[in-house]
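>
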Amino acid sequence: MSFSKWTIYQFLVILTLIILVYLVNGLGISVAITEDTSNEGRIFRSILTAGFLIALVACIYVIIFCQHKKRPNMLSHSIWSKTPTILFAVGFISIVLFLSLGTFGPLLDWIEHVRWLLYVILIYFIWGFFLFVMSIIVKIKGSQNRVIEHTFVWTCLILLVFIFII
């Protein structure tokens with residue numbers, strides 16, 4: 075069984091993502107923005123959170139970039155015209171499920187005992203958001219030219235604005 079170099083790169087990026095989550099979880103680094111008494115502490119937490127999210131988005135970007143290298147016509151499929159609606163519906167259902175499991179279900183207990191589950195959920199939502207942004211860009215641009223790069227930039231900008239507004 076032979077793999078292309080792009081598949082190996084994807085595997086290495088997934089391994090990097092696992093190591094990143096392990097380091098953040100294992101070392102007890104808090105990437106959450108909390109109320110701090112000092113302004114410097116809040117700024118540091120914001121920068122740490124932004125760096126973590128950009129690293130996650132960069133990993134997702136590289137995985138999709140490698141997939142596009144393996145299948146150059148990936149973005150020309152007819153499903154991309156329906157993808158924003160599909161991803162919006164999946165995202166809405168996921169958010170409702172997440173909030174209801176967190177409020178009424180056992181999700182908070184699970185996260186308390188298995189903290190890395192929170193990072194898996196975070197990666198799931200960021201992956202979905204990345205694909206949602208990419209589907210909108212594909213629909214607007216109509217061409218495949220630099221769609222993945224624009225998606226990376228727009229996803230990072232939207233997440234950073236969201237983080238620093240909070």
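When you read off a place in the sequence shown, starting at 1, and then add 74, the result is the number in our numbering.
Where a beta carbon is used, it is the ideal one built from N, C-alpha and C, also for glycine.
All values derive from a computational prediction rather than experimental measurement.
If you scan the segment 97-185 from start to end, which runs of the alpha helix (DSSP H) of 4 or more residues do you find wholly inside it?
With a minimum length of 4 residues, the continuous alpha helix (DSSP H) runs that stay inside the segment 97-185 are 113-144, 157-177.
> Give the straight-line distance between the Cα atoms of SER217 and SER150, rounded to the nearest whole angstrom.
Those two C-alpha atoms are separated by around 8 angstroms.
> What is the C-beta distance between TRP228 and ILE200, in whole angstroms, given that I count them as a contact (C-beta under 8 angstroms)?
Contact doesn't hold; Cβ gap of about 13 angstroms is too wide.
> How about PHE226 and VAL95: are their beta carbons less than 8 angstroms apart?
Cβ atoms of PHE226 and VAL95: not closer than 8 angstroms.
> Taking the continuous alpha helix (DSSP H) assigned at PHE77, which residues delimit it?
Per DSSP, PHE77 belongs to no alpha helix (DSSP H) and is neither H nor E.
> To the nearest angstrom, report how far apart SER120 and LEU231 are at their CA atoms.
About 14 angstroms.
> Using the Cα positions of MET208 and VAL221, report the straight-line distance between them to the nearest angstrom.
Approximately 7 angstroms between the Cα atoms of the pair.
> If you measure between the beta carbons of VAL87 and CYS133, is that distance less than 8 angstroms?
Against a cut-off of 8 angstroms, the Cβ pair of CYS133 and VAL87 comes out as a contact.
> Would you kindly check if the distance between the Cβ of LYS213 and the Cβ of PRO158 is under 8 angstroms?
Contact: yes.
> Within its chain, find whatever has a CB closer than 8 angstroms to the CB of MET148; leave out the 5 residues flanking it on each side and keep chain order.
Same-chain partners within the cutoff: GLN141, HIS142.
> With respect to the alpha helix (DSSP H) encompassing VAL188, which residues constitute its N-terminal and C-terminal limits?
Premise fails: VAL188 is in no alpha helix (DSSP H) and is neither H nor E.
> Use the C-beta contact count for LEU171: other C-beta atoms within 10 angstroms, 16 or more gives buried, fewer gives exposed.
With fewer than 16 other Cβ atoms within 10 Å, it is exposed.
> Flag this pair as yes or no: are the beta carbons of VAL164 and GLY202 separated by less than 8 angstroms?
A contact, by the Cβ cut-off of 8 angstroms.
> Consult DSSP for SER217 and reduce its assignment to one of helix, strand or coil.
Residue state, collapsed to three classes: coil.
> On the CB-based measure, 16 or more other CB atoms within 10 Å of its CB, does TYR198 come out buried or exposed?
By the 10 Å Cβ count, TYR198 comes out exposed.
> Excluding the 5 residues flanking LEU234 on each side, which residues of the same chain have their C-beta closer than 6 angstroms to its C-beta?
Same-chain partners within the cutoff: ALA124.
> Excluding the 5 residues preceding and the 5 following LEU161 in the sequence, name in chain order all residues of the same chain whose CB lies nearer than 7 angstroms to its CB.
Within the same chain, LEU161 has close Cβ partners GLY202, LEU205, PHE206, SER209.
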